[in-house]
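The sequence shown begins at 3 in this note's numbering and counts up one residue at a time.
We put the CB at the ideal spot given by N, CA and C, even for glycine.
All remarks here apply to the structure that follows.
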Amino acid sequence: MNSGKRILTGVRPTGPLHLGHYAGAIESWLTLQHEHECFFLIADWQVSDHAGDLPRVRSAVWEVALDWLAAGLDAEKSSFVIESVVPEHAELAMWMAWYCSIGMLDRNPTLKAEMASIERPDDAATSGRSIPVAFYIYPMMQVADILLPRAELVPVGDNQLPHVELARETARRFNREVGPVFPEPQALVGRVPRLVGTDGQAKMGKSRGNTINLKDSADEVARKVRTMFAGPPRGAREPGIVADNPVFAYLDAFDAQPAEVMDLKERYQRSGVGNQELKDRLTGVLDSLLEPMRERRAGFERNMPWVRDVVEAGSKRERVLAAQTMALVRDALGLGYLRRS
Ligand code: ATP
Ligand code: MG
3 MNSGKRILTG VRPTGPLHLG HYAGAIESWL TLQHEHECFF LIADWQVSDH
53 AGDLPRVRSA VWEVALDWLA AGLDAEKSSF VIESVVPEHA ELAMWMAWYC
103 SIGMLDRNPT LKAEMASIER PDDAATSGRS IPVAFYIYPM MQVADILLPR
153 AELVPVGDNQ LPHVELARET ARRFNREVGP VFPEPQALVG RVPRLVGTDG
203 QAKMGKSRGN TINLKDSADE VARKVRTMFA GPPRGAREPG IVADNPVFAY
253 LDAFDAQPAE VMDLKERYQR SGVGNQELKD RLTGVLDSLL EPMRERRAGF
303 ERNMPWVRDV VEAGSKRERV LAAQTMALVR DALGLGYLRR S
């Protein structure tokens, strides 16, 4: 096992992964996996907003594992973990909930925004369901996910920062009031903290239908780019505002020739550049990024028994740490009721 720090991060199994995951999280994990002991979690306890579509969640568990492998994560060097396969996550979440006030959850801006979107009757993914208790407390699951392996670093997109802060506060409080068990985890935000959606919404998100997925075919990518939002309507020669056009956000995030992008921006602001030119460039850029992933993914898809085996092995590795942490936690809490001494 590698030296360095211990890392825990993850995603919710709600669908295939997209460019936002790549730029905001996975890209940095690809480097971190060589230097640190990494646990990559598929958080199947945190998707109660998708309780009405369990088949989607169950198959998304494997979509996520395949996307990670396709992107270049090494499941033998790092540990891929399914959250519910290690039940200590839930046990620790319940204890951690003792040390987190309702006020702290209510002030969490990410949770607030997500709950508002679930309640919105026109939300395509959740169709106006009421909010499950499990959704309200999912940040506690994240706190437990981070603290169970006693992780020191948590590489995430910026929308997850409030949850990491919650983990820090809860760990501090437990350490102070009960016993010194947990390191205080540090968040690490990726190169692109929040990638916009193809519809121009502030965040590309699996549940929002505004994604370009890592596994999308070349045709699919071309179609999505062709129809993506590219700023308010304007004539082909009319100067544009770079900040209003998400195509530039994607070029900034993925184009390997930043000097050419600078030049394009300059022309766009001066005399206008047709969106077609921008979009053609973007399609090419995304194809060179995604084509190697498609090829690797196809290889792993042909070898699902191996994929299952590495996920099982990763989950078992985490369970060993989970048992150690829970022994410390139970000891600190004085839970040895039945211990013969
Ligand atoms: P869902 O809509 O189902 O919540 P999601 O697309 O928001 O899905 P998550 O599983 O919630 O994805 O997030 C996994 C990780 O990817 C988190 O660290 C999150 O911050 C990061 N991430 C997700 N979307 C983006 C984005 N658009 N830009 C940057 N990082 C992102
Ligand atoms: Mg999310």
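Exposure label - residue i; buried when at least 16 CB within 10 Å
i: GLY338; result: exposed
i: VAL135; result: exposed
i: SER81; result: buried
i: GLU65; result: buried
i: TRP97; result: buried
i: HIS36; result: exposed
i: VAL263; result: buried
i: ASN161; result: buried
i: ILE104; result: exposed
i: GLN48; result: buried
i: TRP100; result: exposed
i: LEU56; result: exposed
i: TRP70; result: buried
i: ALA329; result: exposed
i: GLU179; result: exposed
When the options are compared against residue i, the one with the closest alpha-carbon
i: LEU292; options: LEU43, ALA251, GLU222 and VAL166; result: GLU222
i: VAL88; options: PRO157, ALA334 and ALA325; result: ALA325
i: SER119; options: ASP55, LYS79, SER209 and VAL66; result: SER209
i: GLN144; options: ILE44, VAL63 and HIS36; result: ILE44
i: ALA62; options: LEU94, ASP46, ALA73 and CYS102; result: ASP46
i: PHE176; options: ALA95, ARG283 and ASN305; result: ALA95
i: SER50; options: ASP289, THR16 and TRP308; result: THR16
i: GLY286; options: GLU303, ALA258 and LEU330; result: ALA258
i: GLY316; options: TRP308, ARG14, ARG58 and VAL83; result: VAL83
i: GLY183; options: PHE302, ARG60, GLY6 and LEU323; result: According to the sequence shown, residue 183 is Val rather than Gly. When each option's Cα is compared against that of VAL183, the closest is LEU323.
i: ALA67; options: GLU121, GLU179 and ARG14; result: ARG14
i: LEU197; options: LYS7, LEU19, GLY12 and PRO234; result: LEU19
Test item: CB-CB of residue i and residue j under 7 angstroms
i: LEU150; j: GLU90; result: yes
i: ALA238; j: GLY202; result: no
i: LEU163; j: PRO141; result: no
i: ILE9; j: LEU34; result: yes
i: ALA77; j: VAL312; result: yes
i: VAL220; j: PRO187; result: Note that residue 220 corresponds to Ala in the displayed sequence, not to Val. Result no, Cβ atoms of ALA220 and PRO187 do not sit closer than 7 angstroms.
i: ALA261; j: VAL194; result: no
i: LEU345; j: ILE214; result: Because the chain in this structure spans residues 3 to 343, residue 345 falls outside the shown range and cannot be described.
i: PHE137; j: GLU320; result: no
i: MET117; j: ILE139; result: no
Beta-carbon proximity list for residue i, same chain, < 8 angstroms, skipping 5 on both sides
i: ASP333; result: GLY181
i: MET3; result: Residue placement at MET3 is flagged as unreliable, the pLDDT there being 49, under the threshold of 50; a coordinate-derived value is accordingly withheld.
i: ARG280; result: At residue 280 the sequence reads Leu, which differs from the Arg that was named. Within the same chain, LEU280 has close Cβ partners ALA232, ASN247, VAL249, PHE250, LEU253, LEU266 and TYR270.
i: VAL114; result: This sequence places Lys at residue 114; Val is not what is there. If we look at LYS114 and ignore the five residues flanking it on each side, its Cβ neighbours are ASP108.
i: LEU340; result: none
i: GLY6; result: GLU37, HIS38 and GLU39
Secondary structure of residue i, DSSP reduced to three states
i: VAL191; result: strand
i: ASN212; result: coil
i: THR285; result: helix
i: VAL183; result: coil
i: LEU323; result: helix
i: ARG228; result: helix
i: SER30; result: helix
i: LEU291; result: helix
i: SER103; result: coil
i: MET3; result: Because MET3 carries a pLDDT of 49, less than 50, the predicted location of this residue cannot be relied on, and the following value inherits that uncertainty. Coil.
i: HIS38; result: coil
i: ARG122; result: coil
i: LEU75; result: coil
i: SER80; result: coil
i: ILE9; result: strand
i: ILE243; result: coil
i: PRO157; result: strand
i: LEU337; result: coil
Cβ-based neighbour list, residue i, same chain, cut-off 7 angstroms, excluding 5 preceding and 5 following
i: GLY192; result: ALA25, GLY26, ALA27, GLU29, SER30, PRO157 and GLY159
i: ASN212; result: GLY199, THR200, ASP201, GLN203 and MET206
i: ALA189; result: VAL156, VAL158, LEU163 and VAL166
i: MET295; result: ALA72, ALA73 and LEU216
i: GLY272; result: Here residue 272 turns out to be Arg, not Gly, going by the sequence shown. If we look at ARG272 and ignore the five residues flanking it on each side, its Cβ neighbours are PRO241.
i: VAL244; result: PHE250, LYS267, TYR270 and GLN271
i: THR172; result: MET98, TYR101, CYS102 and VAL145
i: PHE302; result: LEU68, LEU71, ALA72 and VAL309
Cβ-based neighbour list, residue i, same chain, cut-off 6 angstroms, excluding 5 preceding and 5 following
i: ILE148; result: LEU10, VAL156, ALA169 and PRO187
i: MET230; result: THR200
i: VAL227; result: LYS281, LEU284 and THR285
i: TRP308; result: none
i: VAL59; result: PRO15, VAL49 and HIS52
Min CB distance residue i to chain D below 7 angstroms
i: GLY211; result: This model lacks chain D altogether; it includes just one protein chain.
Residue i CB to nearest heavy atom of the ligand NAP below 6 angstroms
i: ASN161; result: As presented, the structure is devoid of the ligand NAP, carrying the ligand ATP and the ligand MG as its sole ligands.
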